[in-house]
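S.K.: Before we start, here is the structure in question, set down as structure tokens.
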Amino acid sequence: MDEVIRINENTWRFEDAGVRFLLLCGTEKAALVDTGRNTPDARKVAEGLTELPLVLVNTHADPDHISGNAAFDSFYMSPAEEENYRAHGGSGRLLPVREGDVIDLGGRTLRVIDIPGHTPGSIALLDEDARVLIGGDSVQDGTVFMFGPHRDMARYIGSLEHLSLYEGLFDEVWAMHGSFPVKPELIPKLLEGAREIRDGRASGTPVEVHGKTVCLYRFPYAGFYCDPE
Ligand SMILES: [Zn+2]
Numbered sequence: 009m010d011e012v013i014r015i016n017e018n019t020w021r022f023e024d025a026g027v028r029f030l031l032l033c034g035t036e037k038a039a040l041v042d043t044g045r046n047t048p049d050a051r052k053v054a055e056g057l058t059e060l061p062l063v064l065v066n067t068h069a070d071p072d073h074i075s076g077n078a079a080f081d082s083f084y085m086s087p088a089e090e091e092n093y094r095a096h097g098g099s100g101r102l103l104p105v106r107e108g109d110v111i112d113l114g115g116r117t118l119r120v121i122d123i124p125g126h127t128p129g130s131i132a133l134l135d136e137d138a139r140v141l142i143g144g145d146s147v148q149d150g151t152v153f154m155f156g157p158h159r160d161m162a163r164y165i166g167s168l169e170h171l172s173l174y175e176g177l178f179d180e181v182w183a184m185h186g187s188f189p190v191k192p193e194l195i196p197k198l199l200e201g202a203r204e205i206r207d208g209r210a211s212g213t214p215v216e217v218h219g220k221t222v223c224l225y226r227f228p229y230a231g232f233y234c235d236p237e
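The sequence shown maps to residues 9 to 237 in the numbering used here.
What follows is the structure, given as structure tokens:
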């Protein structure tokens with residue numbers, strides 16, 4: 009892991025080789041949100057920062073978000089993500105969370121919002137009191153991975169539309185890649201870009217990612233890696 013940054017008195021972010029994960033403390037419990045790309049001791053790191061009982065929540069199960077999951081017997085995740093999780097060697101017991109569920113940390117609640125598309129069981133978390141939306145990989149100003157078997161652009165578009173229900177309830181978005189933080193105004197821009205790609209109105213460039221040729225759509229505010237046209 010590269011860097012531990014304290015965001016405020018009860019919140020930290022961890023920068024881990026191009027990906028980010030978070031520690032959120034309430035009064036009763038603390039939540040680690042994802043465990044990074046290259047931090048098998050994420051649990052130990054978190055327990056060095058808080059004495060509160062620690063729970064794990066995963067925004068999704070791509071390999072760059074679960075490197076420290078093995079240290080937990082159980083974790084909160086969308087059940088729609090379990091197949092992706094196990095395919096990446098994920099262990100432990102999945103505690104299912106779905107749209108509308110609330111993870112209560114004591115004086116700090118995380119409301120679960122289903123945002124499938126980037127992966128089948130991607131979730132966002134609305135930190136209601138802090139007025140922050142934790143967007144996982146789906147709301148970010150880096151490059152959103154949308155190529156390969158378990159991505160679904162139509163569902164991604166539906167998820168961004170769905171997030172408009174929560175408009176006005178958050179002032180910042182915390183993404184797991186790209187800038188930190190980003191503004192909520194990024195969401196309609198990503199939606200417009202995704203629709204342009206879907207409708208064939210955007211032009212992409214072939215690039216190599218992880219040994220595969222994919223199509224990069226680069227917009228001023230973010231990019232998307234998609235299957236080749
Ligand atoms: Zn990621």
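The beta carbon of each residue, even a glycine, is placed where N, CA and C say it ideally should be.
1) Residue range of the alpha helix (DSSP H) that methionine 161 falls in?
2) May I have the straight-line CA-CA distance separating alanine 202 from glutamate 180, to the nearest angstrom?
3) Could you name the residues of the same chain whose beta carbon sits closer than 6 Å to that of alanine 79, not counting the 5 residues immediately before and after it, in chain order?
4) Quick one: does the C-beta of histidine 218 sit closer than 8 Å to a heavy atom of ligand 1?
5) Between which two residues does the beta strand (DSSP E) carrying isoleucine 142 extend?
6) Please state if the CB of serine 172 and the CB of glutamine 148 are separated by a distance shorter than 9 Å.
7) Does the beta carbon of histidine 323 fall short of 8 Å from some heavy atom of ligand 1?
8) Please list, in chain order, all residues of the same chain as phenylalanine 155 whose beta carbon is under 6 Å from its beta carbon, the five residues on each side excluded.
9) Check whether the Cβ atoms of aspartate 145 and methionine 184 sit closer than 9 Å, and answer yes or no.
10) Examine ligand 1 and report whether any of its heavy atoms sits within less than 8 Å of the Cβ of valine 190.
11) Does DSSP classify tyrosine 229 as helix, strand or coil?
12) Taking C-alpha atoms, which residue in Val105, Ala95, Pro71 lies nearest to serine 82?
13) What are the boundary residues of the alpha helix (DSSP H) that includes leucine 194?
14) Use the C-beta contact count for threonine 213: other C-beta atoms within 10 angstroms, 16 or more gives buried, fewer gives exposed.
M.R.: Reading it off the structure:
1) 161–171
2) 21 Å
3) Only Arg51 meet the Cβ criterion.
4) no
5) Its beta strand (DSSP E) spans residues 140–144.
6) no
7) Outside the displayed range of the chain (9 to 237) lies residue 323, so it cannot be described from this structure.
8) Val222, Tyr233, Cys234, Asp235
9) yes
10) no
11) coil
12) Val105
13) In the DSSP annotation of this structure, the continuous segment of the alpha helix (DSSP H) that includes leucine 194 starts and ends at 194–206.
14) With fewer than 16 Cβ atoms within 10 Å of its Cβ, threonine 213 is classed as exposed.
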